[in-house]
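Counted from 1, the sequence shown has number 157 at position 151 by the working numbering; the numbering is strictly sequential.
Heads up, the thing below is written out as structure tokens.
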Amino acid sequence: MTDKERIMRKSFIDDDRLELILQQSAKPDYRQIDEILAKGAEKRGLSIEDVAVLSQIESPEQLTKLYETAHKIKYDIYGNRIVIFAPLYISNECANICDYCGFRADNKELLRRTLDIEELQKETRILEEIGYKRLLLVYGEHPRFDGRWIAETVNAVYRGEQTHKQIRRININTAPLSVEDFRIVKETGIGTYQCFQETYHRETYDRVHLKGKKANYLNRLYVHDDAFAAGIDDVGLGVLFGLYDWKFELLGLLSHAKHLEDTFGVGPHTISFPRIEPALNAPISECPPYQVTDEDLKKIIAIVRIAVPYTGIILTTRETMKLRKELLNLGVSQISAGSRTYPGGYYDEMHNQPSKQQFTIGDTRSLDEVIKDIASQGFIPSFCTSCYRKGRTGHTFMDYAKPGNIHKFCKPNAIITFMEYLSDYASPETREVGMKLIEREFNEIKDPGLQEFVKQQLDLMSQGQRDLML
Ligand code: SAM
Ligand code: SF4
């Protein structure tokens, strides 16, 4: 794409149209809601207009129906598996001034830090020893952080000491890069590229991003297109809830997903749902202008589960343990656990250094505690990284997922990777809970060939083999 074509790009978010759709859906009748939920249950997604109607649901009766539909879709597509990851903050240096973020350039009280390769490998080693297999690398936005530098950091994590404990999938969350820089980063073998629009509402966006490159709304809106142009076909979207009306944001998010689907034939791989949390010297974060309550968040997640059934839903440790449990049942398919949200956080924690988080964390439990907890509720924690390593990304992934064939891979891989976690990293209490769950899951596999395959893999593991998958 030429610079001229880039400048000519127009927003595919039409604020007036979205506001109008919301107004027109203001008082839906029960029959209309029932029809949309019945359509959603077919797992072919929903239109923006349908989503606007569902966002108006208030009555307890209709809410129950909404949650039941989301729950059923979640179980049909994802079963009881929950993918586990941890964020690894590489740098909190940033040239932008985002009103809600503690990393903003004008926050003089924040100790700035960018990990060098040695420090990064130390952080990685700590996470590998705890049992993580999937990391999300997080970066501030700074002129120094170009494609080459980001690629170097990804390589440092992937290609440290070669042991069976190695990290197997890295996703990244960075500011927009050029197509050329994306190509360089793609070469390292990243999984998903994530970038959140924060708010789709243009006026709000301009107000909270006054300075720095991030002030350019369109540049950010088209970043996933640029990632696709560089051959990265798993991309992640997100909204920072609290900046503007969540109902509008939901329509913006789904318009974005539709834009990707229409342009590239494949929608977002994941959607994230951060809510603004208190952050150092970020006044707006103390009292967000559009508070999103726990009840709102439950609705948001249920609606997205129905509207884009094949997109992974990510929830982070920003949320409390109690709420995370409820949201797992409504559609969340990936969670972070044991997170530290500043560069060097895992090393500092180990060496009793004081915390300097990006924002306040709601769930402060360790990975082992989270695993024991979710396993005792019947969710199977998955450390699987198979799809992207076997080339099941973008279109190929959707071709497996949409006819329901992804189960064939996910369930065995979840059992196998969970067994690896229990064997090498879990506490005795977690192991006890986990082994019971594995036995139950194994017995539930209906296909005798698949069950035999899993048995063989578990036997190989007991003989010392690792990193097994389908
Ligand atoms: N600098 C990159 C960018 O802005 O895209 C990536 C790193 S930034 C730390 C990652 C995400 O953190 C942002 O996209 C934003 O949604 C989220 N974030 C920033 N401030 C936050 C806060 N106070 N509470 C919760 N999430 C926040
Ligand atoms: Fe920088 Fe990202 Fe924080 Fe904005 S959200 S100040 S770009 S790190």
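No residue lacks a Cβ here, since even glycine has one placed at the ideal position from N, Cα and C.
Where does residue i fall in DSSP's three states?
i	result
K171	coil
K128	helix
H265	helix
Y431	coil
E332	helix
F389	coil
G400	helix
V298	coil
L117	coil
C104	strand
R472	coil
N287	coil
N98	coil
G351	helix
G271	coil
Y199	strand
N449	helix
Following a CB-centred definition, is residue i positioned closer than 7 Å to any heavy atom of the ligand SF4?
i	result
C201	no
K110	The amino acid occupying residue 110 in the given sequence is Arg; Lys does not appear at that position. Answer for R110: yes, Cβ within range of the ligand SF4.
G146	yes
K220	yes
N225	no
C107	yes
Nearer than 7 Å: is that true of the beta carbon of residue i relative to any heavy atom of the ligand SAM?
i	result
G271	no
A181	yes
S291	yes
A157	no
L246	yes
A233	no
A288	yes
E115	no
A285	yes
I341	no
I282	yes
C416	no
E325	no
E124	no
Tell me the residue span of the alpha helix (DSSP H) that contains residue i.
i	result
Q29	D21 to Q30
K83	The displayed chain sequence assigns Ile, not Lys, to residue 83. P66 to Y84 is the extent of the alpha helix (DSSP H) around I83.
H230	V229 to A235
S339	Neither: S339 is in no alpha helix (DSSP H) and is coded neither H nor E.
Y145	From DSSP, Y145 is part of no alpha helix (DSSP H); its letter is neither H nor E.
S382	L373 to S382
So which of the options has the shortest CA-CA distance to residue i?
i	options	result
I386	Y352, L428, P349 and D405	L428
T370	T326, H413, F389 and Y348	T326
F151	D212, A420 and L183	L183
V160	T269, Y145 and Y352	Y145
W155	E193, I136 and E332	E193
L121	D354, T322 and M441	D354
V89	T391, F448 and P454	T391
I123	N449, I96 and Y138	I96
T169	T130, E204, T180 and Y296	T130
What is the residue span of the beta strand (DSSP E) that residue i lies within?
i	result
A92	R87 to Y95
S345	Element bounds for S345: n/a, residue is neither H nor E.
Do the region 369-386 and the region 337-347 touch if we need at least three Cβ pairs shorter than 8 Å?
Yes, the region 369-386 touches the region 337-347.
Between the region 30-42 and the region 58-76, do at least 3 Cβ pairs fall closer than 8 Å?
Result yes; three or more Cβ-Cβ pairs closer than 8 Å.
The region 259-273 / the region 228-246 touching (three or more Cβ pairs under 8 Å):
These segments touch.
Should the region 458-471 be called in touch with the region 390-403, which here means at least 3 C-beta pairs below 8 Å?
Here the region 458-471 does not lie against the region 390-403, with fewer than 3 beta-carbon pairs under 8 Å apart.
Is the region 99-113 touching the region 213-223 in the sense that three or more CB pairs, one from each, lie closer than 8 Å?
The answer is yes - the region 99-113 touches the region 213-223, with three or more Cβ pairs under 8 Å.
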